[in-house]
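Working notes for the structure below.
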Amino acid sequence: MLLDKADEPLRMADRARPAPSPGQIVIRVRACAVCRTDLHVVDGELARPKLPLIPGHEIVGTVEELGEGVTRFRTGERVGVPWLGWTCGKCAYCHDGQENLCDLAKFTGYTLDGGYAEYTVADQRFCFPIPELYGDAEAAPLLCAGLIGYRSLVKAGHGKLLGIYGFGAAAHIVAQVAKYQRREIFAFTRPGDDEAKQFALNLGATWAGGSDELPPVKLDAAIIFAPLGDLVPQALRALNKGGTVVCGGIHMSDIPSFPYSLLWEERSLCSVANLTRRDGEEFMTLAPQVPVRTEVEIFRLEEANEALNRLRAGKIQGAAVLVPDMDSA
Ligand SMILES: [Zn+2]
Ligand SMILES: [Zn+2]
């Protein structure tokens, strides 16, 4: 499924199977989850995507062919491909354990072709083995919703009372990890979205309310997954002294101005950008221990536009996942 131009629906096209460059593997895609970031790419909210582009960066597949020098994986092995597709290994960030901020980084389904396809190629160094516990479709949302959610949770610190704004794919995974860590979850959903509230409560949230409401107690930290800048002052307002607000998305509408008193008393505000391979390894070890369970809604590959539209309208519970070959799913 190809994006020719921002703001246009994806187009189904026939392409030759990609050939691996040295260090790359060819992967037969078994499942690819649909991330909110894909919407930002398709809707033209992220600058300069590769065009035409195959979106998708939560890929689970099996290794079909090895490029020259590939030693990490064997043919037939199951692998996952995340958003971070390539880094330079030379810049100050790469040297400093912050490859997520690499100056020259390339991203799957944005500046590299991704997984809304039957086959894809990926640099072996940035792929992960997938824990056996998971089916292909179930595992796909772990690759971004899980990884970025996990990085956001780490940034939120160790506080026990955790707010989550936007209860979609990332939140439904983070909530399970946070509960495993004996934290209490306060879920904030679109005002009036009773289904999302119920979804959060079913996942063990202590309290669920509209994002325009304040929680019954002051929180130690809050993670914002919804792309709405208005939520930043709202989340700061919900925090205790010394608390942290983490913005977990790649794009957000403008943040309105707010009184300094909301930040005062050592509250902090930060964002999470991308992931490191280390995040991936840590999270893929942790996920089966929790064990994290993902709720997925499955679509055929050719239904990618419908999956995106439903996500845009807030109609997906958990994560949407594209499956190219339904018979093998
Ligand atoms: Zn770099
Ligand atoms: Zn993503």
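Heads up: the sequence shown begins at 1434 in the numbering used here, then just goes up one per residue.
Cβ atoms here follow ideal geometry from the backbone N, Cα and C, with glycine treated the same way.
Cα-Cα separation between residue i and residue j, rounded to whole angstroms
i, j, result
"residue 1743", "residue 1572", "21 Å"
"residue 1578", "residue 1708", "11 Å"
"residue 1538", "residue 1520", "4 Å"
"residue 1685", "residue 1544", "20 Å"
"residue 1765", "residue 1711", "The structure shown does not extend to residue 1765, since the chain spans only 1434 to 1762, so no value can be given for it."
"residue 1486", "residue 1448", "12 Å"
"residue 1532", "residue 1499", "25 Å"
"residue 1653", "residue 1676", "5 Å"
"residue 1651", "residue 1669", "10 Å"
"residue 1648", "residue 1438", "42 Å"
"residue 1530", "residue 1536", "13 Å"
"residue 1481", "residue 1557", "25 Å"
"residue 1465", "residue 1693", "42 Å"
"residue 1628", "residue 1605", "13 Å"
"residue 1626", "residue 1503", "48 Å"
"residue 1442", "residue 1622", "28 Å"
"residue 1758", "residue 1546", "19 Å"
"residue 1528", "residue 1748", "42 Å"
Residue i classed as buried or exposed, judged by whether at least 16 other C-beta atoms fall within 10 angstroms
i, result
"residue 1635", "exposed"
"residue 1644", "buried"
"residue 1624", "exposed"
"residue 1630", "buried"
"residue 1691", "exposed"
"residue 1567", "buried"
"residue 1450", "exposed"
"residue 1760", "exposed"
"residue 1718", "exposed"
Contacts around residue i, its chain only, beta-carbon distance under 7 Å, and the 5 residues preceding and following it disregarded
i, result
"residue 1720", "1564, 1575, 1579"
"residue 1445", "1434, 1735"
"residue 1440", "1476, 1477"
"residue 1589", "1595, 1654, 1656, 1677, 1679"
"residue 1593", "1616, 1617, 1653"
"residue 1763", "Residue 1763 lies beyond the range of the chain shown here (1434 to 1762); nothing can be said about it."
"residue 1741", "1467, 1471, 1472, 1475"
"residue 1701", "1677"
Proximity below 8 Å, CB of residue i to CB of residue j
i, j, result
"residue 1607", "residue 1597", "yes"
"residue 1467", "residue 1753", "yes"
"residue 1496", "residue 1474", "no"
"residue 1751", "residue 1728", "yes"
"residue 1603", "residue 1731", "no"
"residue 1581", "residue 1514", "no"
"residue 1551", "residue 1462", "yes"
"residue 1555", "residue 1457", "yes"
"residue 1484", "residue 1436", "yes"
"residue 1613", "residue 1716", "no"
"residue 1726", "residue 1609", "yes"
"residue 1488", "residue 1522", "no"
Reference residue i, options the options, closest by Cα
i, options, result
"residue 1659", "1675, 1700, 1680", "1680"
"residue 1705", "1484, 1585, 1727", "1585"
"residue 1695", "1655, 1667, 1733", "1667"
"residue 1471", "1548, 1450, 1455", "1548"
"residue 1501", "1455, 1757, 1599", "1455"
"residue 1559", "1528, 1530, 1505, 1590", "1505"
"residue 1673", "1661, 1488, 1699", "1699"
"residue 1755", "1628, 1737, 1488", "1737"
"residue 1611", "1722, 1442, 1758, 1733", "1722"
"residue 1508", "1562, 1683, 1546", "1562"
"residue 1682", "1703, 1627, 1741", "1703"
Nonlocal neighbours in the same chain, by C-beta distance under 8 Å from residue i, ignoring five residues either side
i, result
"residue 1540", "1490, 1516, 1517, 1518, 1707"
Chain B within 8 Å of residue i, Cβ atoms only
i, result
"residue 1461", "Of the protein chains in this structure there is only one, and it is not chain B."
Own chain, CB closer than 6 Å to residue i, minus 5 neighbours either side, in chain order
i, result
"residue 1665", "1688"
"residue 1620", "1597, 1600, 1633, 1638, 1641"
"residue 1510", "1496"
beta-carbon residue i near ligand 4 non-hydrogen atom, thresh 7 Å
i, result
"residue 1520", "Looking at this structure, you won't find ligand 4 anywhere; what it does contain is ligand 1 and ligand 2."
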